[in-house]
Amino acid sequence: METGDSRTRIDEFDPGNLKIAHIVPWNASDDDLLFWKQIGLRWVRLEYGREDPNVDALRKVQERFAGYGLQIYSARHDIYRSLRIQLGQEGRDEDIEIFQVFVRSLGELGISVGLYDFHPANTYTTDRVERQGDIPREFKLDDFRNKIEKQQFDREYPAEEMWEHYTYFVKAVLPVAEEAGVRLGLHPDDPPLAMMNGVAKLFIDYDGYRRAEEIAGGSESWGLKFCVGTWIEGGEGMGKDVFEMIADFGGRGKILDVDFRNVSGPMPHFVETFLGDGYVDMYQVMKALRQVEYSSGIVPDHIPELEGDDKVRRAGAAYCIAYMQALLRRANEEVG
755 METGDSRTRI DEFDPGNLKI AHIVPWNASD DDLLFWKQIG LRWVRLEYGR
805 EDPNVDALRK VQERFAGYGL QIYSARHDIY RSLRIQLGQE GRDEDIEIFQ
855 VFVRSLGELG ISVGLYDFHP ANTYTTDRVE RQGDIPREFK LDDFRNKIEK
905 QQFDREYPAE EMWEHYTYFV KAVLPVAEEA GVRLGLHPDD PPLAMMNGVA
955 KLFIDYDGYR RAEEIAGGSE SWGLKFCVGT WIEGGEGMGK DVFEMIADFG
1005 GRGKILDVDF RNVSGPMPHF VETFLGDGYV DMYQVMKALR QVEYSSGIVP
1055 DHIPELEGDD KVRRAGAAYC IAYMQALLRR ANEEVG
(Lines of atoms letter the chains of each structure in order from A and count residues from 1; the text may use other names and numbers.)
(Lines give C-alpha, C1' and ligand atoms only; values in the text may rest on other atoms or scores of the structure.)
Protein backbone atom coordinates (compact mmCIF):
# COMPACT_ATOMS: atom_id res chain seq x y z
CA MET A 1 0.00 0.00 0.00
CA GLU A 2 1.27 3.48 -0.87
CA THR A 3 1.42 6.23 1.74
CA GLY A 4 0.85 9.92 1.16
CA ASP A 5 4.54 10.59 0.50
CA SER A 6 4.86 7.63 -1.91
CA ARG A 7 6.66 5.37 0.55
CA THR A 8 5.35 1.82 0.77
CA ARG A 9 3.63 1.13 4.06
CA ILE A 10 5.66 -1.34 6.09
CA ASP A 11 4.02 -4.61 7.08
CA GLU A 12 3.11 -4.80 10.76
CA PHE A 13 5.34 -7.86 11.26
CA ASP A 14 8.20 -6.78 9.02
CA PRO A 15 11.56 -7.27 10.82
CA GLY A 16 12.25 -3.58 10.22
CA ASN A 17 9.13 -2.49 12.08
CA LEU A 18 8.93 -1.99 15.82
CA LYS A 19 7.80 -5.05 17.71
CA ILE A 20 4.80 -4.86 20.03
CA ALA A 21 5.64 -7.25 22.83
CA HIS A 22 4.91 -8.08 26.45
CA ILE A 23 6.96 -8.74 29.57
CA VAL A 24 6.76 -12.45 30.36
CA PRO A 25 8.44 -14.32 33.24
CA TRP A 26 10.61 -17.34 32.51
CA ASN A 27 8.17 -19.64 34.32
CA ALA A 28 4.95 -18.44 32.66
CA SER A 29 2.29 -21.14 32.48
CA ASP A 30 1.36 -22.86 29.23
CA ASP A 31 -2.07 -21.23 29.47
CA ASP A 32 -0.48 -17.79 29.69
CA LEU A 33 1.81 -18.43 26.73
CA LEU A 34 -1.17 -19.63 24.70
CA PHE A 35 -3.10 -16.50 25.66
CA TRP A 36 -0.30 -14.19 24.46
CA LYS A 37 -0.22 -16.10 21.19
CA GLN A 38 -4.00 -15.84 20.83
CA ILE A 39 -4.01 -12.04 21.09
CA GLY A 40 -1.42 -11.74 18.33
CA LEU A 41 1.90 -11.40 20.12
CA ARG A 42 5.01 -12.67 18.40
CA TRP A 43 7.72 -11.17 20.63
CA VAL A 44 8.31 -11.08 24.36
CA ARG A 45 10.70 -9.49 26.83
CA LEU A 46 11.91 -12.18 29.19
CA GLU A 47 12.04 -11.61 32.94
CA TYR A 48 14.57 -14.18 34.12
CA GLY A 49 14.77 -13.29 37.81
CA ARG A 50 17.96 -14.72 39.29
CA GLU A 51 17.72 -18.08 37.57
CA ASP A 52 20.71 -20.04 36.30
CA PRO A 53 22.16 -17.86 33.51
CA ASN A 54 23.97 -20.63 31.63
CA VAL A 55 23.06 -21.09 28.00
CA ASP A 56 21.46 -24.54 28.36
CA ALA A 57 19.00 -23.36 31.00
CA LEU A 58 18.08 -20.28 28.99
CA ARG A 59 17.75 -22.29 25.79
CA LYS A 60 15.06 -24.45 27.40
CA VAL A 61 13.01 -21.33 28.12
CA GLN A 62 13.57 -20.01 24.60
CA GLU A 63 12.48 -23.30 23.02
CA ARG A 64 9.40 -23.55 25.22
CA PHE A 65 8.30 -20.03 24.29
CA ALA A 66 9.01 -20.74 20.61
CA GLY A 67 6.52 -23.60 20.81
CA TYR A 68 3.86 -20.90 21.15
CA GLY A 69 5.28 -18.73 18.38
CA LEU A 70 6.85 -16.31 20.88
CA GLN A 71 10.34 -15.01 20.17
CA ILE A 72 12.45 -13.52 22.97
CA TYR A 73 13.96 -10.25 21.72
CA SER A 74 15.29 -8.92 25.05
CA ALA A 75 15.85 -10.24 28.55
CA ARG A 76 16.68 -9.19 32.09
CA HIS A 77 18.57 -11.03 34.81
CA ASP A 78 18.19 -9.31 38.18
CA ILE A 79 21.73 -9.95 39.45
CA TYR A 80 22.65 -6.43 38.28
CA ARG A 81 20.45 -5.15 41.12
CA SER A 82 22.80 -6.68 43.66
CA LEU A 83 23.77 -4.05 46.22
CA ARG A 84 27.30 -5.39 45.96
CA ILE A 85 27.31 -4.10 42.37
CA GLN A 86 25.28 -0.94 42.76
CA LEU A 87 26.87 0.24 46.02
CA GLY A 88 30.38 -0.98 45.24
CA GLN A 89 30.52 -3.54 48.03
CA GLU A 90 32.94 -6.41 48.50
CA GLY A 91 32.03 -9.35 46.30
CA ARG A 92 30.69 -7.33 43.38
CA ASP A 93 33.03 -9.07 40.92
CA GLU A 94 31.30 -12.38 41.66
CA ASP A 95 27.90 -10.86 40.85
CA ILE A 96 29.23 -9.11 37.75
CA GLU A 97 30.54 -12.46 36.54
CA ILE A 98 27.02 -13.90 36.76
CA PHE A 99 25.74 -11.03 34.61
CA GLN A 100 28.56 -11.63 32.13
CA VAL A 101 27.55 -15.30 31.84
CA PHE A 102 23.98 -14.17 31.18
CA VAL A 103 25.11 -11.78 28.44
CA ARG A 104 27.18 -14.49 26.76
CA SER A 105 24.18 -16.82 26.87
CA LEU A 106 21.99 -14.18 25.23
CA GLY A 107 24.51 -13.80 22.44
CA GLU A 108 24.75 -17.53 21.82
CA LEU A 109 20.96 -17.78 21.58
CA GLY A 110 20.55 -14.77 19.29
CA ILE A 111 18.76 -12.64 21.89
CA SER A 112 20.11 -9.23 20.99
CA VAL A 113 19.23 -7.02 23.99
CA GLY A 114 19.95 -7.30 27.71
CA LEU A 115 18.43 -4.86 30.20
CA TYR A 116 19.43 -3.19 33.45
CA ASP A 117 18.88 -0.16 35.69
CA PHE A 118 20.92 1.46 38.44
CA HIS A 119 18.74 2.85 41.23
CA PRO A 120 19.11 1.21 44.63
CA ALA A 121 17.03 2.65 47.50
CA ASN A 122 14.22 3.60 45.13
CA THR A 123 10.65 4.43 46.16
CA TYR A 124 8.25 4.05 43.22
CA THR A 125 4.93 4.81 44.86
CA THR A 126 3.56 7.00 47.63
CA ASP A 127 -0.02 5.72 47.38
CA ARG A 128 -2.60 4.03 45.22
CA VAL A 129 -5.75 5.95 44.35
CA GLU A 130 -9.04 5.09 42.71
CA ARG A 131 -9.19 6.72 39.31
CA GLN A 132 -12.08 5.23 37.33
CA GLY A 133 -12.61 2.05 39.28
CA ASP A 134 -9.01 0.90 38.90
CA ILE A 135 -6.38 1.67 41.55
CA PRO A 136 -3.19 2.88 39.87
CA ARG A 137 0.12 4.03 41.25
CA GLU A 138 0.38 7.59 42.54
CA PHE A 139 3.47 9.60 43.41
CA LYS A 140 3.39 12.86 45.37
CA LEU A 141 6.76 14.44 45.94
CA ASP A 142 5.67 16.23 49.13
CA ASP A 143 4.36 12.99 50.62
CA PHE A 144 7.57 11.20 49.75
CA ARG A 145 9.84 13.84 51.27
CA ASN A 146 7.74 14.40 54.41
CA LYS A 147 6.16 11.03 55.18
CA ILE A 148 8.11 8.23 53.51
CA GLU A 149 11.73 9.09 52.78
CA LYS A 150 14.37 7.71 55.11
CA GLN A 151 18.02 6.79 54.77
CA GLN A 152 18.04 3.12 53.78
CA PHE A 153 21.70 2.31 54.33
CA ASP A 154 24.30 3.08 56.98
CA ARG A 155 25.39 6.25 55.18
CA GLU A 156 24.59 8.45 52.20
CA TYR A 157 25.90 7.66 48.72
CA PRO A 158 26.66 10.89 46.80
CA ALA A 159 26.41 11.21 43.03
CA GLU A 160 30.11 11.00 42.18
CA GLU A 161 30.49 7.80 44.17
CA MET A 162 27.49 6.29 42.39
CA TRP A 163 29.05 7.27 39.07
CA GLU A 164 32.15 5.35 40.10
CA HIS A 165 30.09 2.24 40.84
CA TYR A 166 28.19 2.53 37.56
CA THR A 167 31.42 3.02 35.62
CA TYR A 168 32.99 -0.06 37.23
CA PHE A 169 29.98 -2.15 36.23
CA VAL A 170 29.69 -1.04 32.61
CA LYS A 171 33.43 -1.20 32.00
CA ALA A 172 33.23 -4.84 33.08
CA VAL A 173 30.17 -5.85 31.07
CA LEU A 174 30.34 -3.84 27.84
CA PRO A 175 33.38 -5.68 26.43
CA VAL A 176 31.61 -8.99 27.08
CA ALA A 177 28.46 -7.67 25.38
CA GLU A 178 30.45 -6.47 22.37
CA GLU A 179 32.09 -9.86 21.96
CA ALA A 180 28.72 -11.62 22.31
CA GLY A 181 26.91 -9.33 19.88
CA VAL A 182 24.51 -8.16 22.58
CA ARG A 183 23.42 -4.59 23.33
CA LEU A 184 22.61 -3.43 26.88
CA GLY A 185 19.70 -1.05 27.50
CA LEU A 186 19.82 1.27 30.52
CA HIS A 187 16.48 2.24 32.14
CA PRO A 188 16.11 5.79 33.57
CA ASP A 189 15.42 6.36 37.26
CA ASP A 190 11.71 6.20 38.07
CA PRO A 191 10.71 8.64 39.46
CA PRO A 192 13.43 10.98 38.17
CA LEU A 193 14.70 12.53 41.41
CA ALA A 194 18.33 13.40 42.13
CA MET A 195 18.34 11.83 45.61
CA MET A 196 16.09 9.22 47.20
CA ASN A 197 16.48 7.64 50.62
CA GLY A 198 20.09 8.70 50.94
CA VAL A 199 21.31 7.46 47.55
CA ALA A 200 21.99 9.70 44.55
CA LYS A 201 20.27 8.78 41.31
CA LEU A 202 22.12 9.29 38.05
CA PHE A 203 19.78 8.74 35.13
CA ILE A 204 17.21 11.41 35.84
CA ASP A 205 17.58 13.57 32.73
CA TYR A 206 19.23 13.97 29.34
CA ASP A 207 22.57 14.99 30.86
CA GLY A 208 22.71 11.78 32.88
CA TYR A 209 22.26 9.66 29.78
CA ARG A 210 24.82 11.70 27.86
CA ARG A 211 27.39 11.18 30.63
CA ALA A 212 26.66 7.45 30.63
CA GLU A 213 27.15 7.37 26.87
CA GLU A 214 30.50 9.12 27.25
CA ILE A 215 31.57 6.58 29.87
CA ALA A 216 30.68 3.83 27.39
CA GLY A 217 33.27 5.31 25.04
CA GLY A 218 31.34 4.85 21.84
CA SER A 219 30.52 1.19 22.47
CA GLU A 220 27.93 -0.16 20.05
CA SER A 221 26.65 -2.29 22.92
CA TRP A 222 25.54 0.66 25.05
CA GLY A 223 22.05 2.10 24.67
CA LEU A 224 18.74 3.04 26.29
CA LYS A 225 15.84 1.08 27.60
CA PHE A 226 13.65 4.11 27.03
CA CYS A 227 10.79 4.33 29.52
CA VAL A 228 8.26 6.80 28.13
CA GLY A 229 6.36 6.91 31.43
CA THR A 230 9.44 7.82 33.45
CA TRP A 231 10.45 10.49 30.97
CA ILE A 232 7.09 12.24 30.97
CA GLU A 233 6.95 12.07 34.78
CA GLY A 234 9.92 14.45 34.79
CA GLY A 235 8.37 17.07 32.50
CA GLU A 236 10.56 20.07 31.72
CA GLY A 237 13.20 18.94 34.20
CA MET A 238 14.39 16.18 31.87
CA GLY A 239 16.37 18.51 29.60
CA LYS A 240 14.79 17.06 26.45
CA ASP A 241 11.19 15.97 26.04
CA VAL A 242 10.18 12.49 24.94
CA PHE A 243 10.10 13.45 21.26
CA GLU A 244 13.52 15.09 21.38
CA MET A 245 14.93 12.00 23.08
CA ILE A 246 13.49 9.75 20.38
CA ALA A 247 14.90 12.00 17.66
CA ASP A 248 18.34 12.14 19.31
CA PHE A 249 18.98 8.66 20.68
CA GLY A 250 16.49 6.88 18.44
CA GLY A 251 17.85 8.66 15.40
CA ARG A 252 21.29 7.27 16.24
CA GLY A 253 20.07 3.74 16.88
CA LYS A 254 20.66 4.00 20.63
CA ILE A 255 17.14 3.13 21.81
CA LEU A 256 17.15 -0.63 22.32
CA ASP A 257 13.84 -1.25 24.09
CA VAL A 258 10.79 0.86 25.00
CA ASP A 259 8.36 0.90 27.93
CA PHE A 260 5.03 2.46 26.85
CA ARG A 261 3.09 4.21 29.63
CA ASN A 262 1.14 7.42 30.23
CA VAL A 263 0.62 9.53 33.37
CA SER A 264 -1.74 12.31 34.46
CA GLY A 265 0.92 15.02 34.48
CA PRO A 266 4.54 15.71 35.36
CA MET A 267 6.09 15.92 38.81
CA PRO A 268 5.61 16.89 41.60
CA HIS A 269 2.44 14.79 41.43
CA PHE A 270 1.35 12.15 38.95
CA VAL A 271 -1.00 9.19 38.69
CA GLU A 272 -0.55 6.43 36.15
CA THR A 273 -3.34 6.32 33.57
CA PHE A 274 -4.63 4.20 30.75
CA LEU A 275 -2.64 4.86 27.58
CA GLY A 276 -5.24 7.16 26.07
CA ASP A 277 -6.06 9.10 29.25
CA GLY A 278 -2.79 10.78 30.23
CA TYR A 279 -1.30 14.13 29.34
CA VAL A 280 0.85 12.87 26.45
CA ASP A 281 -0.53 11.91 23.04
CA MET A 282 0.76 8.34 22.79
CA TYR A 283 -0.01 8.14 19.10
CA GLN A 284 2.55 10.87 18.52
CA VAL A 285 5.07 8.84 20.53
CA MET A 286 4.41 5.75 18.41
CA LYS A 287 4.67 7.84 15.26
CA ALA A 288 7.98 9.36 16.39
CA LEU A 289 9.41 5.88 16.94
CA ARG A 290 8.37 4.86 13.43
CA GLN A 291 9.88 8.04 11.99
CA VAL A 292 13.34 7.13 13.31
CA GLU A 293 12.81 3.56 12.05
CA TYR A 294 13.00 2.06 15.52
CA SER A 295 12.81 -1.71 15.07
CA SER A 296 13.19 -3.31 18.50
CA GLY A 297 10.51 -4.07 21.08
CA ILE A 298 7.90 -1.95 22.82
CA VAL A 299 5.94 -3.23 25.80
CA PRO A 300 2.96 -1.93 27.79
CA ASP A 301 4.34 -0.80 31.14
CA HIS A 302 2.66 -1.14 34.57
CA ILE A 303 -0.44 -2.95 33.36
CA PRO A 304 -3.66 -1.59 34.95
CA GLU A 305 -5.42 -3.80 37.48
CA LEU A 306 -9.00 -4.49 36.38
CA GLU A 307 -11.78 -6.01 38.46
CA GLY A 308 -11.93 -9.77 38.06
CA ASP A 309 -8.59 -9.98 36.27
CA ASP A 310 -6.09 -12.74 37.07
CA LYS A 311 -2.65 -12.43 38.64
CA VAL A 312 -0.89 -11.82 35.33
CA ARG A 313 -3.49 -9.17 34.42
CA ARG A 314 -4.51 -10.68 31.11
CA ALA A 315 -7.44 -8.30 30.61
CA GLY A 316 -5.38 -5.19 31.34
CA ALA A 317 -2.54 -6.41 29.14
CA ALA A 318 -4.87 -7.30 26.28
CA TYR A 319 -6.40 -3.82 26.43
CA CYS A 320 -2.97 -2.15 26.31
CA ILE A 321 -1.63 -4.39 23.56
CA ALA A 322 -4.71 -3.91 21.37
CA TYR A 323 -4.46 -0.14 21.87
CA MET A 324 -0.79 -0.22 20.88
CA GLN A 325 -1.52 -2.38 17.84
CA ALA A 326 -4.05 0.20 16.65
CA LEU A 327 -1.54 3.04 17.17
CA LEU A 328 1.12 1.16 15.25
CA ARG A 329 -1.19 0.39 12.33
CA ARG A 330 -2.12 4.06 12.07
CA ALA A 331 1.55 5.09 12.27
CA ASN A 332 2.41 2.60 9.54
CA GLU A 333 -0.22 4.19 7.32
CA GLU A 334 1.05 7.70 7.98
CA VAL A 335 4.81 7.15 8.11
CA GLY A 336 5.27 4.16 5.84
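All residue numbers for the sequence shown refer to this note's numbering, where the first residue is 755 and numbers rise by one.
The C-beta atom is built at its ideal place from N, Cα and C for all residues, glycine as well.
In this text the structure is predicted, and so the values were computed from the model without any measurement.
In the DSSP assignment, I1009 falls outside any alpha helix (DSSP H) and lies within the beta strand (DSSP E) extending over I1009 to F1014. Comparing C-alpha distances from G864 to each of Q816, M1078 and Q854 shows the shortest one belongs to Q816.
For the 8 angstroms CB-CB criterion, A875 and Q906 form a contact.
The beta-carbon distance between Y834 and K791, rounded to whole angstroms, is 30 angstroms. This is too long to meet the 8 angstroms contact definition. When the beta-carbon positions are compared, D959 and G993 come within less than 8 angstroms of each other. Using a C-beta cut-off of 8 angstroms, the segment 1034–1044 makes contact with the segment 1014–1022, since at least three inter-stretch Cβ pairs fall below that distance.
Counting along the chain, Y827 sits inside the beta strand (DSSP E) bounded by residues Q825 to R830.
The Cβ atoms of P1054 and M1036 lie no closer than 8 angstroms to each other.
Boundaries of the alpha helix (DSSP H) around Y1077: R1068 to V1089.
A residue is called buried once 16 or more other Cβ atoms fall within 10 Å of its Cβ, and Q840 is buried on that count. Using a Cβ-Cβ distance cut-off of 8 angstroms, the segment 933–941 and the segment 967–985 are in contact, since at least three pairs of beta carbons, one from each stretch, lie closer than that value. Per DSSP, reduced to three states, the secondary structure at H776 is strand. Close CB contacts of D1064 within its chain, under the 7 angstroms cut and outside five residues either way in sequence, are absent.
For I1057, the secondary structure class from DSSP, reduced to helix, strand or coil, is coil. The beta carbon of S836 sits closer than 6 angstroms to the beta carbons of D849 from its chain, once the five residues preceding and following it are set aside; these are given in chain order. In the DSSP assignment, F893 falls within the beta strand (DSSP E) that extends over R891 to K894.
By the Cβ rule, the segment 950–965 counts as touching the segment 904–921, because three or more pairs are nearer than 8 angstroms. Scanning S1050, E1087, V1025 and Y920 for the CA closest to the CA of A829 turns up S1050. DSSP, read as helix, strand or coil, puts E1047 in coil. Look at the beta carbons and you see the segment 793–802 touching the segment 762–782: at least three pairs across the two are nearer than 8 angstroms.
Across the structure, E987 and P1020 are spaced so that their CA atoms are roughly 4 angstroms apart. Across the structure, V996 and D871 are spaced so that their CA atoms are roughly 19 angstroms apart. L940 carries a strand assignment under DSSP once its states are collapsed to helix, strand and coil.
Here V883 is exposed. Its C-beta has fewer than 16 other C-beta atoms within 10 Å. G1030 sits exposed, since fewer than 16 C-beta atoms from the chains shown fall within 10 Å of its C-beta. Counting along the chain, the unbroken alpha helix (DSSP H) around E967 starts and ends at Y960 to A970.
In the DSSP assignment, V883 falls outside any beta strand (DSSP E), carrying neither H nor E. Per DSSP, F907 lies in no beta strand (DSSP E) segment and is marked neither H nor E.
It is roughly 14 angstroms from the alpha-carbon of G1005 to the alpha-carbon of L772. Judged by beta-carbon spacing, R804 lies within the 8 angstroms limit of H831, meaning their Cβ atoms are closer than that value.
With 16 or more neighbouring CB atoms inside 10 Å of its own CB, P946 falls in the buried class.
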